[in-house]
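> Sharing a structure here in structure tokens format.
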DNA sequence: TGACTTTTGTTTGAGTCTCGTACTTAATAG
DNA sequence: CTATTAAGTACGAGACTCAAACAAAAGTCA
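Chains as they are written, first to last, in my numbering: chain S, 1210 to 1606; chain A, 1210 to 1606.
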């Protein structure tokens, strides 16, 4: 418990108090939508006058703008308020993903709108040059007149330390250390963090995707490997070093299945893409999503494929049951190659989950498919770039 | 993400700012020990004058007192400061545990000292009357002149909702609802929370026991059932409903072992007390700890017992490996009946954990035994009672 | 012994911030 | 056209932090 006092970090001065109150207003606008100053005062518990001052400051900074009253005539008596809304015209957060077979970028504005989103296949795994080019291109696209990049985040498939910078282990892209963050910083000209891709995707689903209705979500990404991102109380759970969510090598499923890591019985040896392909006897295509789509298509005509996917779904459900016991999420989102497979995997997974949790009074999470697709990680990374803004640690201009 | 804005809870006024800064000073005193005002200013980053005001307020409330300079003559130049220390004479937190075969109480003062600690065996499982008597007795013992109970917490073996009040499922003690909290409140005359016992014990180990040197700990309690408490960034992870850490029924270990819940393959069917007794062929004694001590004694002469415990240890290690993959704790503490078994289980568990985590770059947690014994849960409950004080949500007088 | 240095803790005045109240503004109801 | 209602602003009071000045209590050194 050595660091708690430090981390609780000095609000300190009265200026810190204003920053904090400002962030409360910002969060309210982001999560509950536009509102008049009076409504904001009720929502946040701040005094009407205080909200007025804060909104004025935000408006001067270009973070919010007044908007017209929503079309319908105000049937209420009294002076109608003028709603303010987060402005998307000035502050941007950029998210990048460096993956094995593609690089991706997403740019979000302060209001949460996607300003730009692109994916490019790459030839060599972990093509940093392609990522930097994409970053430079995206920066050029969005920074026309007066736009400000508040931060950037790079999602990578690998173990990233809690400093949000140091890559410890990322064999798929062959990178380590803090070099990537520095390189991207040089291109973007704003602070850049590096995060695990499953964590980013989880964050994206919690803010923009299939789990926006809860504070406690678990995201499961599936390609060749299996990774998880844990959102608890709206925040990512990172663990002591930053490696939480590395669920691919948990001993679940077929205990004899040989994993790429050399051991047997790893979860991803039962539910990873290669395990599925081996079971159904189909070849790998150019991308995991294309491959999974082909498998799904084959299932329509071949009951053996359906049966194999049922087996996979059962092992998915088993693992989700385990994770549910530990973490008690309200929603579990399946992403990656699971999305094209859809109910083919989801239905048996639900059944297995239900069976495993049946007798205990254990709370049952909802199992859903990712709605964000391949750009989930980049979008979550972009959203993460605003984390300091909405927490009050970073002031807008 | 609906509740984030609400939970980030209004610091609001300048008075809230002072409360927050006061709590920073309190935490610094609690975690880093007594200090002069000047040292506190350096530790907290607050101005010297501010610390002076805050300390004066705390002193007036009876929360801190000036103490003599530590014996050694100050070899430094300049005016020596007078250190202040948390005062144990006024504010108390009380922790209770209602378990199957015993009830326990622990009273902590603000400085973290144990003022009272007692355990009483009970005849009937979940003897609320015995708990209330113990609570009344403890209250009488400690509340002599001017002592103030800031809060009470009851640890129970069962599923407790995130409201820290409602028991959802606690078959061992046959209770449900919020009645227990109300009953204890009536006896103690202060706000009372109810929490899961493993969570309380985990909190205790993180603050006073085997894991005080880290912010990320996992506690495993073993009696007949197996439960876990998760401490991340110094706080308990509760999950969406409050049921996180219910690891007893994860499918780990012998997949054929029949569990008390009716299913097969549950972890506690492999490493729970009854599983051990079945393996070693020894009878259950009056309490889990006595039983485990007898097993440990038998292991000294009977190699078959040792072998059986090695098997248990291996399954413990396997489960810890799984939890480590998910949560990445820095320290894993084994409590309950594992303590008497000591290295007999710990050594093979370490070996299995190492083997399971070997190839990945995964961070390896330290495996330790609980140092707090049977009163861990009660002590953690007492410590929890101070949570609002140290978070700044509750002001001392 | 006595002036000097060094560090602690308090005092003081300035600067911010939130808040409640009063006031202005802009709409509807009759 | 007047009364009513609610939104937004202006203003002064109150609370708090902070830097700088100051007083107090030690050691250091001539």
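Yeah, the Cβ is synthetic: ideal placement off N, Cα and C, and Gly gets one too.
Compare the beta carbon distance of residue 1425 of chain A and residue 1449 of chain S with 8 angstroms and say whether it is the shorter of the two.
The answer is yes: Cβ separation under 8 angstroms.
> Using the beta-carbon count (16 or more within 10 Å), is residue 1350 of chain A buried or exposed?
Result: exposed.
> Return the CA-CA distance between residue 1443 of chain S and residue 1295 of chain S, expressed in angstroms with no decimal places.
Near 20 angstroms, if we compare the C-alpha coordinates of residue 1295 of chain S and residue 1443 of chain S.
> Taking DSSP as the reference, what is the three-state secondary structure of residue 1483 of chain S?
In the structure shown, residue 1483 of chain S sits in a helix (DSSP, three-state: H, G or I).
> How long is the line joining the alpha carbons of residue 1386 of chain S and residue 1401 of chain S, rounded to whole angstroms?
Going by the C-alpha atoms only, they are around 14 angstroms apart.
> So for residue 1497 of chain S, helix, strand or coil by DSSP?
Helix.
> Residue 1358 of chain S bridges to which residues according to DSSP?
Residue 1358 of chain S pairs with S/1301.
> Can you check which of these residues, A/1367, A/1558 and A/1392, is closest to residue 1382 of chain A by C-alpha distance?
Per the Cα distances, A/1367.
> If residue 1487 of chain A sits next to residue 1479 of chain A, beta carbons under 8 angstroms apart, how far is it from one beta carbon to the other, in whole angstroms?
The Cβ separation is near 10 angstroms, so there is no contact.
> Under 8 angstroms by Cβ, that's how I've got residue 1501 of chain A and residue 1546 of chain A pegged, so tell me the actual separation to the nearest angstrom.
Between residue 1546 of chain A and residue 1501 of chain A the Cβ distance is about 4 angstroms, and since that is below 8 angstroms, they are a contact.
> Between residue 1375 of chain S and chain A, is the shortest Cβ-Cβ distance under 8 angstroms, so that the two count as touching?
Chain A contact via Cβ: absent.
> Using Cβ-Cβ distances below 9 angstroms, what residues of the segment 1454-1467 of chain A are close to chain S?
Within the segment 1454-1467 of chain A, the residues whose Cβ lies closer than 9 angstroms to some Cβ of chain S are 1454, 1455, 1456, 1457, 1458, 1459, 1460, 1461 and 1464, listed in chain order.
> Per DSSP, residue 1402 of chain S is paired with what?
According to DSSP, residue 1402 of chain S bridges with S/1362.
> Could you run through the segment 1438-1454 of chain A and flag, in chain order, every residue whose CB is less than 8 angstroms away from some CB of chain S?
Answer set for the segment 1438-1454 of chain A: 1439, 1441, 1442, 1443, 1446, 1447, 1448, 1449, 1450, 1451, 1452, 1453 and 1454.
> Could you work out which residue in A/1222, A/1257, A/1267 and A/1258 is closest to residue 1236 of chain A when comparing CA atoms only?
Of the listed residues, the one whose Cα sits closest to residue 1236 of chain A is A/1267.
> Just by C-beta distance, which residues in the segment 1527-1544 of chain S are closer than 7 angstroms to chain A?
Listed by position, the residues of the segment 1527-1544 of chain S near chain A (Cβ gap below 7 angstroms) are 1527, 1531, 1532, 1534, 1535, 1536, 1537, 1538 and 1539.
> Does any C-beta atom of chain A lie closer than 8 angstroms to the C-beta of residue 1322 of chain S?
For residue 1322 of chain S, the answer is no, since every Cβ of chain A falls outside 8 angstroms of its Cβ.
> Hey, which unbroken runs of the alpha helix (DSSP H) at 4 residues or more fall wholly within the segment 1311-1379 of chain A?
Those alpha helix (DSSP H) runs which fall completely within the segment 1311-1379 of chain A and span 4+ residues are 1337-1351.
> Taking residue 1572 of chain A as the query, report the chain S residues whose CB atoms sit under 9 angstroms from its CB, ordered along the chain.
Chain S residues near residue 1572 of chain A: 1368, 1377, 1448, 1449, 1450, 1451 and 1452.
> Considering residue 1247 of chain A, what are the terminal residues of the beta strand (DSSP E) in which it resides?
Premise fails: residue 1247 of chain A lies in the alpha helix (DSSP H), 1246-1253, not in any beta strand (DSSP E).
> Does the beta carbon of residue 1301 of chain S sit closer than 8 angstroms to a beta carbon anywhere in chain A?
Taking Cβ atoms only, chain A never reaches closer than 8 angstroms to residue 1301 of chain S, which makes this a no.
> Are the beta-carbon atoms of residue 1489 of chain A and residue 1506 of chain A separated by less than 8 angstroms?
In this structure, residue 1506 of chain A does not lie closer than 8 angstroms to residue 1489 of chain A by Cβ.
> For residue 1430 of chain S, decide whether its Cβ has a neighbour in chain A, counting only Cβ atoms nearer than 8 angstroms.
Answer no: the Cβ-Cβ gap between residue 1430 of chain S and chain A never drops below 8 angstroms.
> Could you check whether the Cβ of residue 1223 of chain S sits closer than 8 angstroms to any Cβ belonging to chain A?
Taking Cβ atoms only, chain A reaches closer than 8 angstroms to residue 1223 of chain S, which makes this a yes.
> Can you give me the C-alpha to C-alpha distance between residue 1544 of chain S and residue 1409 of chain S, rounded to a whole angstrom?
Spanning the two alpha carbons is a distance of roughly 12 angstroms.
> Going by other Cβ atoms of all chains shown within 10 Å of its Cβ, with 16 needed for buried, is residue 1495 of chain S buried or exposed?
With fewer than 16 other Cβ atoms within 10 Å, it is exposed.
> Would you say residue 1254 of chain A reaches chain S, if we count a Cβ-Cβ gap shorter than 8 angstroms as a contact?
Yes, residue 1254 of chain A lies at the interface with chain S (some Cβ there is under 8 angstroms from its Cβ).
> With residue 1403 of chain S and residue 1374 of chain S assumed to form a contact (beta carbons below 8 angstroms), what rounded beta-carbon distance in angstroms separates them?
6 angstroms between Cβ atoms; contact.
> Looking at the C-beta of residue 1226 of chain S, does it have a partner C-beta in chain A at a distance below 8 angstroms?
Yes, residue 1226 of chain S lies at the interface with chain A (some Cβ there is under 8 angstroms from its Cβ).
> Exposed or buried, what is residue 1473 of chain A when buried is set at 16 or more other beta-carbons lying within 10 Å of its beta-carbon?
Exposed is the call here.
> Report the rounded CA-to-CA distance for residue 1337 of chain A versus residue 1316 of chain A, giving the unit in angstroms.
Distance between the alpha carbons of residue 1337 of chain A and residue 1316 of chain A is about 19 angstroms.
> State the Cα-Cα distance for the pair residue 1227 of chain A and residue 1263 of chain A, rounded to the nearest angstrom.
Looking at the two C-alpha atoms, the distance is approximately 8 angstroms.
> Measure from the C-beta of residue 1580 of chain S to each C-beta in chain A and report whether the shortest distance is under 8 angstroms.
Answer no: the Cβ-Cβ gap between residue 1580 of chain S and chain A never drops below 8 angstroms.
> What are the partner residues of residue 1437 of chain A, as DSSP defines its beta bridges?
According to DSSP, residue 1437 of chain A bridges with A/1429.
> Going by C-alpha distance, which of A/1247, A/1252, A/1524 and A/1232 is nearest residue 1241 of chain A?
Measuring from the Cα of residue 1241 of chain A, the nearest candidate turns out to be A/1252.
> What residue range is occupied by the uninterrupted alpha helix (DSSP H) comprising residue 1555 of chain A?
Here the alpha helix (DSSP H) through residue 1555 of chain A covers 1552-1566.
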